[in-house]
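S.K.: Residues in the sequence shown are numbered from 7 upward in steps of one, following the working numbering.
Let me give you the structure first, and then I'll get to my questions.
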Amino acid sequence: MGVVNVTPDSFSDGGRFLDADAAVEHARGLAAEGASILDFGGESTRPGAEPVDAAEERRRVVPVIERVAAAAPRVLLSVDTSKVVVARAALDAGARYVNDVTAFRAEPDLAALVAERGTACCLMHMLGAPRTMQDDPRYDDVVSEVKAFLEARLAFAVEEGVPEERVMLDPGIGFGKTVEHNLELLRRLGEIAAIGRPVVVGTSRKSFLGRLTGRDVGDRVPGTIATSLVAYLNGASVLRVHDVAAVLDALTVTAATVSPGWTRTTATPATS
Ligand code: HH2
7 MGVVNVTPDS FSDGGRFLDA DAAVEHARGL AAEGASILDF GGESTRPGAE PVDAAEERRR
67 VVPVIERVAA AAPRVLLSVD TSKVVVARAA LDAGARYVND VTAFRAEPDL AALVAERGTA
127 CCLMHMLGAP RTMQDDPRYD DVVSEVKAFL EARLAFAVEE GVPEERVMLD PGIGFGKTVE
187 HNLELLRRLG EIAAIGRPVV VGTSRKSFLG RLTGRDVGDR VPGTIATSLV AYLNGASVLR
247 VHDVAAVLDA LTVTAATVSP GWTRTTATPA TS
């Protein structure tokens, strides 16, 4: 899954793709690098980020999704939003996947929209809200608490009519977690995968990589690769990254080594 942030303030690429032409060009580039899914976001969720109103978020992402849907019809387009009006407009424009970092908590009606449209979705764990989530996050056991949360949100989605086969789950690396919480989630990712749904993991360029390596955000590709491969080896099905070509090369070699016969494909992944 390649990331396209159409925002002025995203933590690693804020402002670079706010212009629609630049965002479309970037999305096409990530598709050419081999992304199977492209995830379009119009609101930063970085620690401390200010919320964006729905009209502005829609104005940022919808025209870009519409143009990319026409230009790259083989790629699954995802909208990274928690808002019903943004998701509805994005689905009308050609998106087929809703990535909600609040797991249908911000706007529970989003579940009904996903059910009605028959799209796939990703439900992510976050402790608190972006503005405050990194203020001393605490867990007794981060993995079992994240797992219980994801099971509960999956049950909610199913109650609202979303078929279980259309739901992916994400432990929310960096969303209300210390460095050690993130590492423990990656180390014990198999416990999240045991829920039985595909697991999405996004470590890309995140601050815990900077804390471990001392590197600035632009120099965290090696850390992104290392953590993405750990996630893959521990059961992740989707890796959400900014640097598609680099991660896909590393993944190709790792997968070919551990799974003889594995071949690289850029086909749209099945969601069941
Ligand atoms: N991380 C970010 C945003 N959305 N969605 C899922 N499912 N998993 C993640 O780990 C995840 C996510 C944060 O990264 P980014 O989009 O690059 O930054 P920003 O939120 O500042 O736009």
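Idealized CB from N, CA, C, for every residue including glycine.
(1) Could you pull the start and end residues of the beta strand (DSSP E) that Val-104 belongs to?
(2) Can you name the start and end residues of the beta strand (DSSP E) that Asn-11 belongs to?
(3) Starting from Gly-162 and walking both ways along the alpha helix (DSSP H), at which residues does that stretch end?
(4) Roughly how many angstroms separate the alpha carbons of Val-205 and His-131, rounded to a whole number?
(5) Can you determine whether any heavy atom of the ligand HH2 sits closer than 7 Å to the C-beta of Ala-237, and answer yes or no?
(6) Enumerate in chain order the residues of its own chain whose CB-to-CB distance from Leu-239 is below 8 Å, with the five nearest sequence positions on each side excluded.
(7) Buried or exposed: which applies to Thr-279, given that a residue is buried once 16 or more other Cβ atoms fall within 10 Å of its Cβ?
(8) With a threshold of 7 Å, establish whether the CB of Gly-220 neighbours any heavy atom of the ligand HH2.
(9) Comparing the CB of Gly-208 with every heavy atom of the ligand HH2, is any distance shorter than 7 Å?
(10) On the DSSP letters alone, give me the boundaries of the alpha helix (DSSP H) that Ser-234 sits inside.
(11) Could you tell me if the beta carbon of Phe-17 falls within a distance shorter than 7 Å of some heavy atom in the ligand HH2?
(12) Please name the residue or residues paired with Gly-220 in a DSSP beta bridge.
(13) Going by Cα to Cα distance, which pick from Glu-49, Ala-29, Leu-175 and Gly-35 is closest to Ile-71?
(14) Taking just the CA atoms, how far does Val-58 sit from Pro-14?
(15) Could you pull out every residue in the same chain whose Cβ sits closer than 7 Å to the Cβ of Arg-270, ignoring the five residues on either side in sequence?
(16) May I ask whether a heavy atom of the ligand HH2 can be found less than 7 Å away from the beta carbon of Thr-51?
(17) From the DSSP output, in three-state form, read off Ala-251 for me.
(18) Starting from the N-terminal side, write out each stretch of the alpha helix (DSSP H) that is 4 residues or longer and does not extend beyond the stretch 54-120.
(19) What is the DSSP secondary structure of Phe-46, counted as helix, strand or coil?
(20) Is Cys-127 near the ligand HH2, in the sense that its beta carbon is under 7 Å from a heavy atom of that ligand?
(21) Can you tell me where the alpha helix (DSSP H) with Asp-176 in it begins and where it stops?
M.R.: Let me spell this out:
(1) Position 98 of the sequence shown, counted from the first residue, corresponds to residue 104. Element bounds for Val-104: 103-106.
(2) Within the sequence shown, numbered from 1, the residue matching residue 11 stands at position 5. Per DSSP, Asn-11 belongs to the beta strand (DSSP E) from 8-11.
(3) What you label residue 162 is simply residue 156 of the sequence shown in a count that begins at 1. In the sequence on display, residue 162 carries Phe and not Gly. Counting along the chain, the alpha helix (DSSP H) containing Phe-162 begins and ends at 148-165.
(4) Looking up residue 205 in the sequence shown gives position 199. Looking up residue 131 in the sequence shown gives position 125. Computed Cα separation, rounded: 12 Å.
(5) Here residue 237 refers to the residue found at position 231 of the sequence shown. No, the Cβ of Ala-237 stays beyond 7 Å of every heavy atom of the ligand HH2.
(6) Here residue 239 is taken as the residue at index 233 of the sequence shown, counted from 1. Contacts found: Thr-260 and Val-264.
(7) Outside the displayed range of the chain (7 to 278) lies residue 279, so it cannot be described from this structure.
(8) Working through the sequence shown from its first residue, we reach residue 220 at position 214. Checking every heavy atom of the ligand HH2 against the Cβ of Gly-220, none is found closer than 7 Å.
(9) Here residue 208 refers to the residue found at position 202 when the sequence shown is read from its first residue. For the ligand HH2, at least one heavy atom lies less than 7 Å from the Cβ of Gly-208.
(10) For the purposes of this step, residue 234 is taken as residue 228 along the sequence shown, with counting starting at 1. Unbroken alpha helix (DSSP H) run through Ser-234: 227-239.
(11) Sequence index remark: in the sequence shown, residue 17 carries index 11 (1-based). It does: the Cβ of Phe-17 is within 7 Å (strictly closer) of some heavy atom of the ligand HH2.
(12) Position 214 of the sequence shown, counted from the first residue, corresponds to residue 220. Answer by DSSP bridge pairing: none, since Gly-220 is not bridged.
(13) The count along the sequence shown starts at 1 and reaches residue 71 at position 65. Taking only the C-alpha atoms, the option nearest Ile-71 is Ala-29.
(14) Mapped onto the sequence shown, residue 14 falls at position 8. Mapped onto the sequence shown, residue 58 falls at position 52. Going by the C-alpha atoms only, they are around 11 Å apart.
(15) Along the sequence shown, read from residue 1 onward, the residue named residue 270 stands at position 264. Thr-258, listed in sequence order.
(16) Looking up residue 51 in the sequence shown gives position 45. At least one heavy atom of the ligand HH2 is nearer than 7 Å to the Cβ of Thr-51, so yes.
(17) On the sequence shown, residue 251 is found 245 positions in, with the first residue counted as 1. Of the three classes helix, strand and coil, the one that applies to Ala-251 here is helix, per DSSP.
(18) 60-77 and 90-99
(19) Here residue 46 is taken as the residue at index 40 of the sequence shown, counted from 1. Correct three-state label for Phe-46: strand.
(20) The residue labelled residue 127 in the question sits at position 121 within the sequence shown. Checking the Cβ of Cys-127 against the ligand HH2 gives no.
(21) Counting from 1 along the sequence shown, the entry for residue 176 is found at position 170. That residue, Asp-176, is in no alpha helix (DSSP H); its beta strand (DSSP E) goes 173-176.
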